[in-house]
Every structure is written in structure tokens, then in C-alpha cells.
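Here our numbering runs 2 ahead of the position in the sequence shown, where the first position is 1.
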Amino acid sequence: MRYCFLIILILCQWGCTSTKQLTLRQISGETDITKGSKAKLSWQFENADSVKIDGDLTAYKAIDSTVLLPLQNTTYKIIAYKGKNDSVVQLRTIYVDNTKDSYPQNTSNNNLLSINNSLSQSLRLVHKRFVQFDSSHHKYVFSIHNNQGTILNDKMLETSISSHNEDSTINASFKVKPEVRLSKQSSIIIALDQSIEMMNNQSIINTYLYQAINKINDIDSLHFIRFNTSIVSQQILRNKYDLLSAINAYQGYKPEGIRCIYNVIDSILKNKNIADDADIIVLTSGPDNGSYIHDAESVVKNAQKRNISIHVCNINNEVLDNYSLKYLASKSGGSFLDLSSSDTNTCVSSLISLMRINKGTFYEILIADSILKSRESFHISVQIPLNDTVLSLKVLSNVDENSKLSRYKIVNLFYDSNTSIDTSFYVHLQNLSFLLKLNPTKIIELIGYSSLLESNDDALALALQRASSIRKYLIMTGVDPNQIRIRGLSNIKPIYPVENQYYQTIMNRRVECRWIDPSLLPYEIRAEKVNTEQEALSMIEKWEKKKIMSYFDRRIHNGISYYQILLWGYSSQSQMNEAISALKKSVNFDLIPED
């Protein structure tokens, strides 16, 4: 009987203790902080004897808190113990916003700056946009917020801004106008590059967008666009969960073609269903390489008219020239993120957080253009009536207008080692045809290229034949043959000097388009006459090997057609005459000036 009572007592004790499970009731604290800020972490465990954070020797209580200072994205392991054999592990990730380091130093988007180099100060001056206001002023727009994104709009702050600046010449010329926004709703357009250079980046894009979903509110207006030469698809999404479905579907689409970022953004800006003051986020594998109707300047002007910001995220670490992307973002009041060099996967989500902040109260400063003309940059300095704190932000005022265009515009890619035009480029070529017919005095040069796998004479022949096939197509659509020059550069100027991937080979097998001003190169030389187009191509190839620019023109004399070879690129009559004198020594036919 005594043993039975003991067993019952033990079972009762076991039963009572077994009901007191070790559980986590609550964990709280900041999960998104700016670099250099601290994060408080609090927790409540039930039935825990002690709590530890992996890597920290401190013994914490079941209900306790601590302050952390992570310098990068960090996942902390919180372990609660009960006795010797029972424990519960909870992971907590704190994301560190590296926006300050991620933004390029040569744009105006150094959005998050520390104050007086103090890590304890949480106030930030946030850039919104810098645009032309009227015929004599630029407008700089910014907001001030704390680490939690709360906007500061105190009337004392307004007074202090208008009375303090490091530069006295600017101080005499600017005014402050606070603009209060009541709605926190954002209109977000995500434009996703689906060109062939995205071939190995689809899973990376998914990762970025998955993490950004948590930053999107249920009331936000969302559009999801896929594009290459034009908009491939456009979806109006009901909520962020529809965005999740769209992201999952993106994985199944095959990247192909080139990217016409300017043309696509222009289409978005013309869409009346897109709200003014929207934010366009372009995720791309490099600068625009196909738009010949629109350029960065025209797109920026239209974006400014609608108060729409363009944010550009580059994910291709093989792209060395990002200037045109930075120009597009900076001039439209957006942000540029080089995701390829970032060691964090939260850049896009941080960008959306920043966009959200800019939907609150902001301030406008008018600065006289006469002051900006002699400056590459200027400092905005704001005095806060809080311990005499001063916020300062360097803003780029002069951007090189001549450097904003991409170095090349591609009109066709060749998926095989041939000269056939892919049907997916027909619309792109028809747009070029329309533009040439609309401007009959304009001249283009079509430059053919080969891949590194196509070598020696075959490479040059293929390059010329590729340019010629595009010329034939344009003429067939009604373009005047005299508007088109062709040239072959073999594989001496590859976009990718190493072809490790399929898409790299295809990008090197291309035809580019270059606009020529006939008034700058008006002088040409007549060279050989031949009977067939194939002979004409052979002659062009011969001149190309001598580094002399040439093209052919089909002509008719006395009812008989022939092909005239023309050497071009001479800016003056004396330059042309010198070329004729030098070339006569090596040819057995007449070289005469073209009428």
C-alpha cells in the first residue's frame, strides 16, 4: 500500500510538472534599424529557469530584455532552459539598413546620414527629390524623421530650417514650405526586367521581392510589370498576396531579348491608371540597351510632371557603367541601389520603407539657379530645436547631361550562329522603321558583331551579313536605303569578354544602331561598282579590314542595276581629298568624290 501511494504521488507530481510546459509567450523589439542604431530585444518565457543569447555570457531571466548593436543583418538565437533536459530555441533576425553605404556617392541619394557623427542620435534628413521648379529656381524636397520613421513637422522646425544653412549664399535664396500628407497609401509599380541577361538572376529577384512583401501595406496600390523590348505583361494587384503569386509565376517565364527601360517607363507614365506621386521600382540587369525613341532626359521630364519617382535596382555585377541608371534615379527623385555589390538581401524592403517615409510631411526649399551653375554640389543644413542638433546632407546639383545615354542601342540579337532575324524583334525593328520614315533626313549606322566562338574571317563576314539582314528588313518596310549605313566589327568589341554563359554568347552576337548627323560627315568617296549584293558585301568586308568605313547603295543606270561602294566618314573636303590621294596608291580603279 505504501508503494502504491508513492507511485501515485510520483505520477501526480509528474503529471503536474508535465502540464507546466516551457513556452514562449512573447518576443518584441525592433527588427529593422539603421546602421549604427541600437535595437531593444524583450521576451517572456513561461516556466523557464534561465535564458541565454547564443554568444552572450550573460544569464537572463525568463522575463527580461537587452540592448543589441548589430552592424549587419544578424540572427540571434535566444535559448530558454528548464532544468537540465528541457529547452526552447527562438530565432530573432534584426535587419540593418545599409542605405547609406548602398547609395552611390555621385547621386543625390545619400538618404540616411548620421548626425554630428553620433551613433546615438536617431533623427535623419531624408532626400525626396531635386527638380527644376520654374525658369530661375530648383526645388529640393526632403523630410526629417526618427529611427521609427515618424515625421517631424513642428512649426519651430520650419522656422529653424529657414534661418539656418552652412552656405550664406544659398541662405539668402531659399524658402521653406511644409506640405502635409494625410494618407499613408502608396502607389507602387514594380517593373521587372525579363531580358536575356536576367537568365541566371530569377531566383535572386524572387528573394529580394519576397522580403519586400512585408513592407507593403494592405491599402497600397500595386502594379506588377514584366518587360524586355516592351511591356510583356501588366497586372493590377489587389493586395500584396497577389504580388506573391505574381512573383512565383515569374520563375516560369523564359528571359529573352533586350531591355528598353526608357520606352517601358514612358508607357507607364502615360498610363492614366497610375497615380500621380507613384513610385516605380525597376529591377534590372543593366542600363537600357534598346530604346531609340526615348532617352533618359525625356523620361525624367515626364516623371517630374507627374511627381513620380523612379527607383532603380541593378543586380548584375558584370555591368561596369551604371551612370545612366544613376542619372534616371537621381533626376526623378528616386534612389539607385547596386544590389550586386550589397551583402544584404533587404535592400528592396529598405527602399520601400524609405518610400513610405516620404509619403508623410515634407519640406521644399527653393534655390536660385544662378547659385547652382558654378557648383557640382551643395549642402542642405537644418537646425533642430533639440540640443542644437544640426542635420546636413550633400546634394549633387550638376549632372553631366552628355553622359546619360547608354553607349549602344541593340536592334537585334542572334540566338544561333546565323544571320536570320528572330521574330521577337520584328516590333522593335518596325519602331525603328517608323522613326526613320518620320525623319527622312536622318541616317543610321548598323554595326554587326560576332561572338568569341565565331573566329577569323567567318566572324567578320557574319558580322557584316547580320547588319545587312537588318538593312534589308528596314528597306522592305519602306525605309530609304540612303538612310542606312552598315558596318561589321567582327568580335573585337564584345559586351562580355568571357562567354561562360549562354546569354553572354547571344549578347555578343548582335547588331547595334548608331545615329549619324549627316551635317558632320558630309563627304563620301565612290569606290568599286559590282553587280550583286554578295559582291558588295565582300567589298565592304575588304574595306573594313583596312579600318575604312563603307557601305553600298543599289543604283540603276540605263535600266541596269548595280551596287556602288561608298567610303564615308569625312568631315571636310580636304580630309576627303587626302584620303583619295592615299588610297589611289593601293587600288586599280578610280576614286572620285560622291556628288
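Just so it is clear, CB atoms sit at the ideal spot from N, CA and C, and this is done for glycine as well. Given the structure is predicted, the values throughout are model-derived calculations rather than measurements.
Only residues of its own chain outside the window of five on either side were considered, and among them none has a CB closer than 6 Å to the CB of residue 577. Close CB contacts of residue 61 within its chain, under the 6 Å cut and outside five residues either way in sequence, are with 52 (chain order). Nearest Cα to residue 72 within the set 94, 59, 24: 94. Beyond the five residues adjoining it in sequence on each side, residue 249 comes within less than 6 Å, by CB distance, of 208, 211 in the same chain, given in chain order.
Within the DSSP bridge table, the entry for residue 228 names 194, 235 as partners. Within the same chain, Cβ atoms closer than 8 Å to the Cβ of residue 591 are found at 529, 530, the five residues on either side in sequence being excluded. For residue 316, the enclosing beta strand (DSSP E) stretches over residues 311–316.
Only residues of its own chain outside the window of five on either side were considered, and among them 193, 314 have a CB closer than 6 Å to the CB of residue 284, listed in chain order. For residue 554, the secondary structure class from DSSP, reduced to helix, strand or coil, is strand. Counting C-beta pairs closer than 8 Å gives three or more between the stretch 484–495 and the stretch 467–475, which meets the contact rule.
Shown here, residue 430 sits in a helix according to DSSP, grouped into three states. Non-local beta-carbon contacts of residue 464 in its own chain, meaning distances under 6 Å to residues more than five positions away in sequence, involve 452, 456 in chain order.
Residue 312 holds the alpha-carbon nearest to the alpha-carbon of residue 279 among 339, 265, 418, 312. Cβ-Cβ separation between residue 225 and residue 238: approximately 6 Å, consistent with a contact (criterion under 8 Å). Residue 514 sits away from residue 454, with the two beta carbons spaced by 7 Å or more. Look at residue 299 here: in three-state DSSP terms it is helix. The stretch 76–87 and the stretch 38–58 touch, with no fewer than 3 CB-CB distances between them shorter than 8 Å.
By the CB criterion at 7 Å, residue 262 and residue 287 fall outside the cutoff. Rounded to whole angstroms, residue 594 and residue 414 show a C-alpha spacing of 35 Å.
In this model, residue 136 and residue 302 are separated by some 16 Å (Cα to Cα).
When DSSP assignments are scanned along the stretch 413–495, the uninterrupted stretches of beta strand (DSSP E) that are 3 or more residues long and fall wholly within it turn out to be 445–450, 486–490. In the structure shown, residue 73 adopts coil according to DSSP, grouped into three states. Within the same chain, and ignoring the five residues on either side of residue 484 in sequence, the residues whose Cβ sits closer than 7 Å to its Cβ are 555. Judged by DSSP in its simplified three-state form, residue 589 adopts coil rather than helix or strand. The C-beta separation of residue 140 from residue 132 comes to about 6 Å, placing the pair in contact by the 8 Å criterion.
A residue is called buried once 16 or more other Cβ atoms fall within 10 Å of its Cβ, and residue 499, having fewer, is exposed. Beta-carbon to beta-carbon, residue 476 and residue 438 are separated by about 7 Å, close enough to satisfy the 8 Å threshold.
Listed as beta-bridge partners of residue 517 by DSSP are 446. With contacts defined by Cβ atoms closer than 7 Å, residue 316 and residue 327 form a contacting pair. Excluding the 5 residues flanking it on each side, residue 497 has same chain C-beta neighbours closer than 7 Å at 509, 510, in chain order. Between residue 298 and residue 329, the gap from beta carbon to beta carbon is short of 7 Å.
DSSP, read as helix, strand or coil, puts residue 498 in coil. Rounded to whole angstroms, the Cβ separation of residue 567 and residue 541 is 5 Å, and the two are in contact under 8 Å.
Looking at the DSSP output, residue 48 shares a beta bridge with 25.
About 6 Å separates the beta carbons of residue 449 and residue 516, which is inside the 8 Å limit, making them a contact pair.
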